[in-house]
Amino acid sequence: MSDSEELTEFGSIVERIEKGEVPIKNIERELICPICKELFTHPLILPCQHSVCHKCVKELLMLNHDDSFSTDAGSECSNPGSPRSRVPSPSMERLDRLVRSGSVSSPGWRRSSVTPRVTTFPCPGCQHDIDLGERGISMLFRNFTLESIVERYRQAARAAMAIMCNMCKPPVQEATKSCMDCKASYCNECFKLHHPWGTPKAQHEYVGPTTNFRPKVLMCPEHEMEKVNMYCEVCRRPVCHLCKLGGSHANHKVTSMSSAYKILKEKLSKSIHYLISKEDQVRTQITELEVLIRETEENGQLAERRANEHFEELFEILQEKKTEMLRSIAQSRNRRMDKLRSQVEEYQGMLENSGLVGYAQEVLKETDQSCFVQTAKQLHVRVQKATESLKTFQAAASPSFDEFALDTSKEECLLKDLSFGGVPDPPMIDLSQSRVYNEGLIHWRLPEDSLPTDHHVLEYRKEAAEDEEKSPWQTTDRVFGSSAVVCDLDSDCRYAFRVRSCRNTIYSPYSPAVSFHTPPAPVFGFLFNEKCGFSAERLILSKRRDSVESVAGMAFLLAAERVQTGSYICLDYIIGDTGISHGRHYWAFRVEPSSYLVKVGVASDSKLIEWFHNPRDTSSPRYDHDSGHDSGSEDTCYELSQPFTLITMGMGKLFIPKASVSAAAGDHGNRVLPLPQRIGVCLDYDAGHVFFYDADTMRCLYERQVDCSGTMYPAFGLMGGGAVHLEEFITAKRLSYM
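Counting in this note's numbering, the final residue of the sequence shown is number 769, and the numbers go up one at a time with none missing.
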């Protein structure tokens with residue numbers, strides 16, 4: 032659909048609204064002030080484009096303890112004769128009189144001033160701080176369009192209540208039109224009477240019956256007698272010609288009001304048309320949201336039922352344990368009581384004239400010897416036992432119930448630690464600290480406001496081509512820290528990694544999967560060698576020998592005269608402490624972006640001895656070697672004599688040698704690339720090839736053949752200020768992570 036068709040359709044929609052075919056009550060929520068929650072009354076447009084009632088702005092300033100407030104509102108003018116002036120509401124007039132008379136004695140007000148010293152308050156719509164400046168409320172425009180819409184809404188709401196003529200004598204007739212100049216409503220007869228043809232009043236502007244008589248012209252709040260006729264594109268507000276000539280908008284880009292009107296109307300028309308055209312989509316999304324609301328309600332109720340079930344199960348288990356334990360205690364108590372009572376009865380029998388002693392005394396009275404012996408033998412045994420029990424008294428049962436004491440401290444801790452935090456937040460993989468070679472070190476971090484987790488699980492898999500089946504995710508063991516090492520990764524492959532957290536057996540969603548491309552060869556570990564050609568005067572080596580920095584030393588000062596005559600200052604070289612004699616190897620490092628000149632590559636030991644021990648002509652430009660010079664017989668012979676194969680970096684750029692560029696030699700655009708954050712070098716010793724990579728994306732930047740005679744070493748050259756930092760995977764001879 033063309034723009035003209037869209038505007039035509041929008042125009043028809045506006046006509047439908049004006050004719051009442053589209054119910055205006057549907058837009059009620061757009062007409063409510065965000066502060067007082069009522070229909071707007073004299074709305075003002077804030078700099079953030081939100082609207083607020085005039086009285087609400089004043090109340091906000093009072094709440095913020097302003098010293099005073101301006102008596103002007105919106106685009107009103109303090110001059111009563113201004114075309115912008117309006118009749119203020121009674122409450123506004125009363126407040127103005129209070130301020131002028133100094134009768135407002137609140138601590139937050141100053142009697143002698145009507146200008147607020149502090150005029151900053153948060154917008155209730157977007158919470159942005161609004162600074163009204165020295166002019167206060169008077170710098171804000173009234174939103175006349177919104178006023179008109181509110182008035183039309185009010186009229187639609189009280190459609191049954193007609194607006195009556197202000198000029199009729201009783202009986203008063205219903206008004207048919209209102210004059211915006213006279214600010215009065217008329218019936219047909221009164222309008223003709225008070226606006227006769229041929230008089231200036233006949234030219235007055237009239238509209239349908241209304242009670243809202245707004246000014247006909249929008250005036251500039253800074254230049255009260257000037258109409259706004261331009262639109263400032265920087266401040267996004269209407270301005271007058273004085274604002275543009277010498278005011279606060281002098282250096283701002285402005286456009287004509289007609290152009291701004293056309294552009295904004297077209298934008299608004301297109302936006303409304305888009306919303307209308309997407310009505311079916313909106314209804315579909317509303318239906319989806321309603322489904323989500325129902326699902327949320329159902330799932331919430333299900334979660335409540337499950338929680339009740341879990342706690343009921345816990346209560347049942349505790350009740351069973353309680354019943355069982357109380358039963359055991361009661362049984363043990365009864366057994367002990369029976370034993371102790373029997374023992375009491377037995378001891379009571381030892382007392383005189385009772386029990387055993389009394390019975391024995393009666394037996395002693397027997398005179399018949401045979402009868403006495405028959406009875407006394409068994410009685411004597413009982414008496415002896417009673418006698419022995421007196422000598423070694425011991426209670427038949429213990430009164431202590433220590434064996435039934437419960438240690439529930441562990442269970443109490445478990446119950447106290449029972450978390451209701453829900454699903455843990457997913458962690459995020461930290462790309463700046465993660466490194467992947469043939470082994471990968473993956474770091475992650477939790478959101479700042481997340482609760483502690485029990486452990487993490489890292490998963491990874493090799494990414495397949497489009498026509499290949501995806502490999503399954505592989506899972507590492509539980510990780511209790513914030514990093515993990517993955518071993519035995521294939522070379523020159525892309526791997527995806529993701530991680531999730533676990534808290535109280537509840538797992539978080541997976542973190543967004545991130546991909547890393549493994550290098551084309553296994554990692555090669557080395558440190559900087561300070562014994563071979565190292566210049567301690569111009570190079571500073573870190574204690575761990577994993578960083579080297581170039582500084583300006585005495586050599587630069589001593590060579591100052593030769594520099595003036597066109598001499599070249601030499602590079603300071605440093606090589607690795609471990610060499611390569613076979614296979615494919617990869618290493619990576621970082622070059623400081625502020626470095627003046629750094630060269631990196633490989634060097635041959637068969638030529639290094641001659642290079643470092645034989646005197647060289649430092650006045651020759653050939654001393655500053657660059658393997659990418661133009662081809663030629665002399666150059667070729669010179670290049671073959673060099674021990675180094677290097678590429679150049681400096682001042683945040685990487686320079687590709689000319690030999691690798693197929694375009695014309697003068698095409699510098701193809702040779703100069705932004706300096707990658709990390710540089711990777713891969714040496715294929717057997718094939719006699721060296722490759723240079725962007726280590727973050729594993730994009731090959733440059734490759735060339737190299738004479739691999741003898742042992743090859745990582746090589747670096749620095750001149751001026753600069754630094755090279757090896758990575759931890761490179762500097763560690765054997766990777767070991769706790």
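Built from N, CA and C at the ideal position, the CB exists for glycine as well.
Closest Cα partner of residue i within the set the options
i	options	result
Glu165	Glu205, Cys84, Glu253	Glu253
Val703	Val712, Gly719, Leu732, Asn339	Leu732
Pro430	Thr484, Lys396, Asp369	Asp369
Asn469	Val554, Lys89, Phe686	Val554
Gly719	Lys416, Asp738, Arg709	Asp738
Ala436	Lys353, Val545, Arg60	Lys353
His756	Gly711, Ser513, Tyr716	Gly711
Val631	Pro688, Arg615, Val582, Arg575	Pro688
Ser289	Ser573, Glu297, His283	Glu297
Arg413	Tyr390, Cys210, Tyr617	Tyr390
Arg509	Ser566, Lys493, His487, Arg492	His487
Arg372	Gly167, Ala426, Pro78, Gln400	Ala426
Distance CB(residue i)-CB(residue j) smaller than 8 Å
i	j	result
Phe528	Leu489	yes
Cys199	Cys221	yes
Asn174	Leu295	no
Val259	Cys251	yes
Leu570	Asp603	yes
Met1	Leu628	Residue 1 lies beyond the range of the chain shown here (32 to 769); nothing can be said about it.
Met261	Val270	yes
Ile66	Cys84	yes
Tyr526	Val467	yes
Phe675	Ala746	yes
Met680	Val622	yes
Gly748	Ser635	no
Tyr617	Pro550	yes
Val545	Leu462	yes
Ser612	Gly752	no
Asn219	Thr207	yes
Residue interval of the beta strand (DSSP E) (run including residue i)
i	result
His474	471-476
Ile710	710-715
Lys630	628-635
Ala527	525-534
Pro540	From DSSP, Pro540 is part of no beta strand (DSSP E); its letter is neither H nor E.
Cys731	730-736
Arg621	615-622
Ser514	514-517
Cβ neighbour criterion (16 or more within 10 Å) applied to residue i
i	result
Ile63	exposed
Ser532	buried
Ile360	exposed
Cys87	buried
Tyr724	buried
Tyr744	buried
Arg314	exposed
Trp504	exposed
Thr596	Since pLDDT at Thr596 reaches only 47, below the 50 mark, its modelled position is unreliable, and the value read off the structure follows with that caveat. Exposed, since its Cβ has fewer than 16 Cβ neighbours within 10 Å.
Val633	buried
Cys263	buried
Thr484	buried
Ser287	exposed
His73	buried
Ile678	buried
Phe172	buried
Lys293	exposed
Asp523	exposed
Met356	exposed
Residue range of the unbroken alpha helix (DSSP H) whose run includes residue i
i	result
Ser302	288-308
Gln400	400-422
Ala391	386-395
His272	272-277
Glu442	440-447
Phe222	219-225
For residue i: DSSP bridge partner residues
i	result
Ile771	A question about residue 771 goes unanswered here, because the residues of the chain that appear run from 32 up to 769.
Leu685	Met680, Leu704
Lys493	Tyr526
Thr151	Asp162
Asp725	Ile710, Arg730
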